[in-house]
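The structure appears below as structure tokens.
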Amino acid sequence: MRPQEFANLSVDSSEQSDGELDYNYDEFGFRIEEDDTLESSAAAQSNDSQQQQPTPFVEDPAERLKWTNFLELTYASFTKDTASSSASSLGGAAGAESISSASSFLSTSATVSAGSPATELPLKLPVTDKLKSMVRSGVPHSLRGPVWLRLSGALEKRRKSPVSYNEIVKESSQDTLATSKHIEKDLLRTLPSNVCFSHAYSTGVPRLRRILRALAWLYPDIGYCQGTGVVAATLLLLMEEEDAFWQMTTIIEDYLPACYYTSTLLGVQADQRVLRELLPECAPDIDALLREHDIGE
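Rendered as structure tokens:
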């Protein structure tokens with residue numbers, strides 16, 4: 001999804017119906033309350049004048065360009081042999097295909113059709129010192145989807161799966177799941193301040209419903225775990241529906257232990273306690289910031 005586009009539509013609708021702007025939205029589609037803005041402004045004025053003022057969380061075009069160049073260079077060697085072998089028979093078309101292959105990485109992988117140049121790209125990014133350095137410096141918002149899919153192995157899982165996401169959605173929609181009622185209750189509670197999930201008719205709600213039902217059907221021993229929706233909804237803000245589903249399966253199968261998905265969420269609570277104990281020693285600045293905002297207490 002592209003939250004900012006839906007936020008703009010919501011703003012336009014508000015202006016047409018009321019004649020004035022009710023809400024502002026950030027780049028991810030979260031509503032910015034006017035009271036929050038005023039309180040932040042007042043707090044900033046009351047603090048030391050040397051304190052750095054908060055800035056909007058907007059993607060830096062220069063950082064995106066750096067990543068785009070890096071990704072194109074990374075895949076240039078992969079497409080070079082194919083382009084060279086095709087050049088003699090296709091003339092200049094091979095070079096265009098090479099450019100298309102590199103550029104198609106930046107698009108959502110779920111929309112790439114079989115046989116297109118993008119399917120010839122490797123399913124995982126080669127892990128290099130340069131890549132590690134760039135990831136630690138931050139991945140631009142608009143590239144997090146395709147980068148995460150390849151770093152995590154989700155794209156590889158999707159391509160190698162014997163069943164497609166559409167087949168899983170079809171089966172899960174026909175199945176009467178005991179967890180369906182719980183999913184329906186949580187849909188509008190997940191990200192209520194986000195334009196994509198704030199109402200029953202919001203564009204993200206049916207997508208989130210399909211993902212959660214598909215996960216509950218695919219993992220019957222887990223079913224629906226409260227809190228899963230928050231992770232899935234956040235992924236939907238950065239990638240398309242099918243990509244978000246396969247990213248969730250990778251998180252469930254490959255990254256987090258089974259105790260994270262019990263009804264008591266024992267694994268999550270245990271790790272949160274450990275994190276709270278380690279933060280003051282290992283990351284005191286982050287610990288102070290979390291305490292300032294009453295997070296994790």
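Residue numbers are given in the UniProt record's numbering: position 270 of the sequence shown equals residue 270, and the series is strictly consecutive.
Just so it is clear, CB atoms sit at the ideal spot from N, CA and C, and this is done for glycine as well.
Looking at the secondary structure, which residues open and close the alpha helix (DSSP H) in which residue i lies?
i       : result
Cys-196 : Note, Cys-196: premise wrong, no alpha helix (DSSP H); not H, not E.
Gln-226 : No alpha helix (DSSP H) contains Gln-226, which DSSP labels as neither H nor E.
Pro-206 : 204 to 218
Lys-160 : 154 to 160
Met-134 : 129 to 137
Cys-282 : 266 to 282
Tyr-165 : 165 to 174
Asp-186 : 180 to 187
Count the other CB atoms, across all protein chains shown, that sit within 10 Å of the CB of residue i; report buried if there are 16 or more and exposed otherwise.
i           : result
Leu-199     : At residue 199 the sequence reads His, which differs from the Leu that was named. His-199 comes out exposed.
Arg-159     : exposed
residue 337 : Since the displayed the chain opens at 1 and closes at 297, residue 337 lies outside it and no answer follows.
Leu-289     : exposed
Leu-90      : Annotation note: pLDDT 48 at Leu-90 (below 50); position unreliable, coordinate value reported separately. Result: exposed.
Glu-241     : buried
Cys-225     : buried
Ser-202     : buried
Gly-204     : buried
Thr-264     : exposed
What is the C-beta distance between residue i and residue j, in whole angstroms, given that I count them as a contact (C-beta under 8 Å)?
i           : j       : result
Ala-232     : Met-248 : 6 Å
residue 351 : Ile-183 : Residue 351 cannot be examined here, being either before or after the span of the chain that is shown, 1 to 297.
Gly-29      : Val-230 : Their Cβ separation, rounded to whole angstroms, is 15 Å, which puts Gly-29 and Val-230 out of contact at 8 Å.
Met-239     : Gly-145 : 3 Å
Pro-280     : Asp-287 : 5 Å
Glu-27      : Val-58  : 6 Å
On the DSSP bridge list, what partners appear for residue i?
i       : result
Lys-252 : According to the sequence provided, residue 252 is Ile. The question's Lys does not apply to it. Its beta-bridge partners do not exist; DSSP assigns none.
Arg-31  : Tyr-25
Residue j and residue i - do their beta-carbons sit closer together than 7 Å?
i       : j       : result
His-124 : Glu-72  : For the record, residue 124 in the displayed sequence is Lys; it is not His. No, Cβ-Cβ distance for Lys-124 and Glu-72 is not below 7 Å.
Ala-214 : Ile-168 : yes
Ala-154 : Thr-74  : no
Pro-3   : Leu-188 : no
Leu-151 : Trp-67  : no
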